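Here is the structure we will look at, set down as structure tokens.
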Amino acid sequence: MISGFLRCGRVKESLWYFERNPFQNVVSWTAAINGFVQNGLDLDAMKLFRRMLESDVMPNDVTFTSVVRASARLCDSGLGMSIVGLIVKFGFEHNTSVCNSLITLSLRLGEIDFAQRISNRMEKKDVVSWTAILDMHVEMGNLKEARRIFEDMPERNEVSWSAMIARYSQSGNAEEAVELFHRMVQDGYYPNRSCFASIINALANLKALQAGKNIHGHVSQVGLEKDIFISSSLIDLYSRCGEIKDARLLFDLISEKNVVCWNSMVSGYSQNGQLEKAKELFDKIPKTNTVSWNTLIAGYLENEQCDKVFEVFNQMLLSGEVPNKSSFSSIFCACATMASLEKGKNIHGKILKLGLQYDVFVGTALTDMYAKSGDIMSSKKVFSRMPEKNEISWTAMIQGLAENGFAEESLILFEEMERNNSSLIPNELILSAVLFACSHCGLVDRGLWYFNSMEKVYGVKPNSRHYTCLVDMLARSGRLSEAEKCIETMPWKPDCNTWAALLSGCNKYKDDRIAKRAAMKLWEMADENSSGYVMLSNVYASAGRWVDVLNTRKFMKEKGLKKISGCSWVEVRNQIHNFYSQDGNHSQSDEIYGILELIRSEMLAV
DNA sequence: GTAGGGTTAG
């Protein structure tokens, strides 16, 4: 009777019968405890376990497996360790099932060494043990070893397949996840709901709409469409493929919504640029969590609404939600975009208090923020203290150095990265930073070598940005014909920047012939965009060709093109002060110019 | 009466 109620999720009724049962033994206690665990009521399970001990009923191996599972989900290290103590006291430390759940508990608590010690000492290992051990290797950062264990396991079941597929999908290896899924089905295993959720997740990452729809059809047929995990993944799949209406349809079908599916839907709207709808939905979430806030913040960041990023972040703090590494990395990205150094420094202080400075995402965002704000010393400091660096961290630092005028140091760092981190393969962003650095150092031959090695050595196909860097590098060093030839033969349609790079080289080396051709191209391209004309008129101006300057400006006026005025800004006490090159002067400009004049006269007097 | 696998942000 009790277990029947538990299976239906009717925990209260089952407890009512349990309390009134005069013949309680280990089995009835364990059944009741497990009822709570099955229904996610882990704290209640632990309370019942304590009552069991107080009633002098001896727990057995089954009791412990349930209790350990509950304490793993509670993620309380003190509680976990006291359970371990009890297990040893009652002599179940060699029981396979207990050890299996202990491995998972240790992994949840971040005690990987402990997990390893348990697995090494186990006398007998079953399919559950091997699945837990597989997970342990993923946790240690060794997906390959996990796969090896998976392949060598004496026996596999749908949970072990599901685990391996999920791990591939979660570590950004969606293709491998899909391949494994196919093999699983071929081998005659039937995927369960967890497996469907994982494979939909992988297909969402691949933006494989048709394949996703096929799985969706199948899942509906077998009545799993309303499973909360599966439907959340499906919402994500449709959103990522731009089918936001279908995503919403699915969302509306879910009768018992949890915070995850709300977050999925909010994320869907913001990924599709519909920030107002995202905000509207966010405001309706019955009980938000950190991810909900982070989703909204990331949405505004992605859509370049930095003021909103700060606004929502402040609301998050006011609501009492504690920001995590993800929130901070978004905030620092926003600070970097705005070059808002003062704000960034303030928030940096908060990071230290929360102990998040060693996180790779946070560290990378901080490195980038300081570099983009021109504080290269702080950027270097943060970078050098990062205990773990990924390719994005290296890109931020290499690019930051190059763009702040430390091109040589940037190249030295790139070499260091190649030397000491064989697992990091330079991506297209790093290579474009490297080319940029070579160009600014005047290291043309080295730059050419990197450019020519891109495909052969690094397996990266040069994109239009790389070609622009190459043209810029050749033009800066006066190799103008080569630069022009490069534009003509490049596999991409050259854009304004590419021609402008050539033109400014012509300007520097006074090559009228090529300049004219480059200028013509810019004229042709600049129809809707004034920047080409502006650049052209600047080139004429610096060559002293004032008639041509006037003609260009006149032509721009006739076409109704307006030069986008230059703007710079400084931040004083959390407030941004803008200065425009044309109109829209600062409200205190009289005062500012007065002080500037004062400083100037004092400098002259020295 | 049990253990291992699942969804959202970065």
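Numbering (the numbering used here) for the first sequence: 28 to 633.
For glycine and all other residues, C-beta sits at the position ideal for the given N, C-alpha and C.
Source: prediction; values computed, not measured.
Out of the options, state which residue places its alpha-carbon closest to the alpha-carbon of residue i.
i: T57; options: F309, M85, C468 and D386; result: M85
i: G168; options: Q197, N232, D499 and S128; result: Q197
i: G137; options: C468, G474, V165 and C222; result: V165
i: A423; options: S504, N447, G371 and V387; result: V387
i: E455; options: L470, N447, N448 and S480; result: S480
i: L393; options: K380, E203, A361 and E418; result: A361
i: E329; options: E307, S291, M343 and Y296; result: Y296
i: I281; options: L475, F45 and E252; result: E252
i: L19; options: W320, R473 and R572; result: This structure cannot settle anything about residue 19, because the visible part of the chain is limited to 28 through 633.
i: L170; options: E203, K151 and F141; result: E203
i: Q143; options: V155, C126, L276 and V154; result: C126
i: D279; options: Q298, N448 and I255; result: I255
i: L530; options: A274, M211, F582 and A545; result: A545
i: V471; options: S221, D539 and C496; result: C496
i: N52; options: K74, G67, N66 and M79; result: M79
i: D395; options: Q384, E418 and A363; result: A363
i: K284; options: I271, K311 and F433; result: K311
i: E571; options: K537, K581 and V155; result: One detail in the question is off: residue 571 reads as Gly in this sequence, not Glu. Cα-wise, what sits closest to G571 is K537.
i: L161; options: A231, R175, K151 and K372; result: R175
i: N87; options: E178, K74, T123 and G67; result: T123
i: D103; options: L75, V115 and L134; result: L134
i: M180; options: E172, V154 and Y195; result: V154
i: L401; options: N373, D334 and A366; result: Reading off the sequence shown, one finds Gly at residue 401, where the question assumed Leu. With distances taken between Cα atoms, G401 lies closest to A366.
i: A193; options: K372, R210, S225 and M517; result: S225
i: Y385; options: V409, A72 and V336; result: V409
So is residue i buried or exposed if we call it buried at 16+ other beta carbons inside 10 Å?
i: K399; result: buried
i: H245; result: exposed
i: K416; result: buried
i: K543; result: exposed
i: Y397; result: buried
i: P453; result: buried
i: M547; result: exposed
i: P489; result: buried
i: W157; result: buried
i: G382; result: exposed
i: M191; result: buried
i: G62; result: buried
i: E511; result: buried
i: Q342; result: exposed
i: S247; result: exposed
i: H121; result: exposed
i: W421; result: buried
i: Y477; result: buried
i: K370; result: buried
i: L213; result: Residue identity check: residue 213 is Gln in the sequence provided, not Leu. Looking at its Cβ environment, which holds fewer than 16 other Cβ atoms inside 10 Å, Q213 is exposed.
i: M444; result: buried
i: N232; result: buried
i: V146; result: Looking at the sequence shown, residue 146 is not Val but Ser. Result: buried.
i: H209; result: exposed
Measuring CB to CB, does residue i end up less than 7 angstroms from residue j?
i: C288; j: L236; result: no
i: H493; j: S450; result: no
i: G300; j: L264; result: no
i: L106; j: D69; result: no
i: F50; j: A59; result: no
i: V64; j: A99; result: no
i: V286; j: L308; result: no
i: W636; j: L549; result: Beyond the ends of the chain as shown, which are 28 and 633, falls residue 636; an answer cannot be given.
i: I227; j: S187; result: no
i: N290; j: S319; result: yes
i: C533; j: M552; result: no
i: N321; j: S353; result: yes
i: I139; j: A159; result: no
i: I257; j: F223; result: yes
i: L440; j: I457; result: no
i: A229; j: A201; result: yes
i: V561; j: Y567; result: no
i: I374; j: T391; result: no
i: T92; j: S128; result: yes
i: I262; j: L276; result: no
Would you say the beta carbon of residue i comes nearer than 6 angstroms to a heavy atom of the ligand COA?
i: D402; result: The ligand content of the structure shown is nil, which means the ligand COA is not present either.
>> Contact between the region 351-362 and the region 317-328 is defined here as three or more beta-carbon pairs at a separation below 8 angstroms; is this criterion met?
In response: The region 351-362 vs the region 317-328: in contact.
> Do three or more CB pairs link the region 496-510 to the region 464-475 at distances below 8 angstroms?
Replying inline: yes
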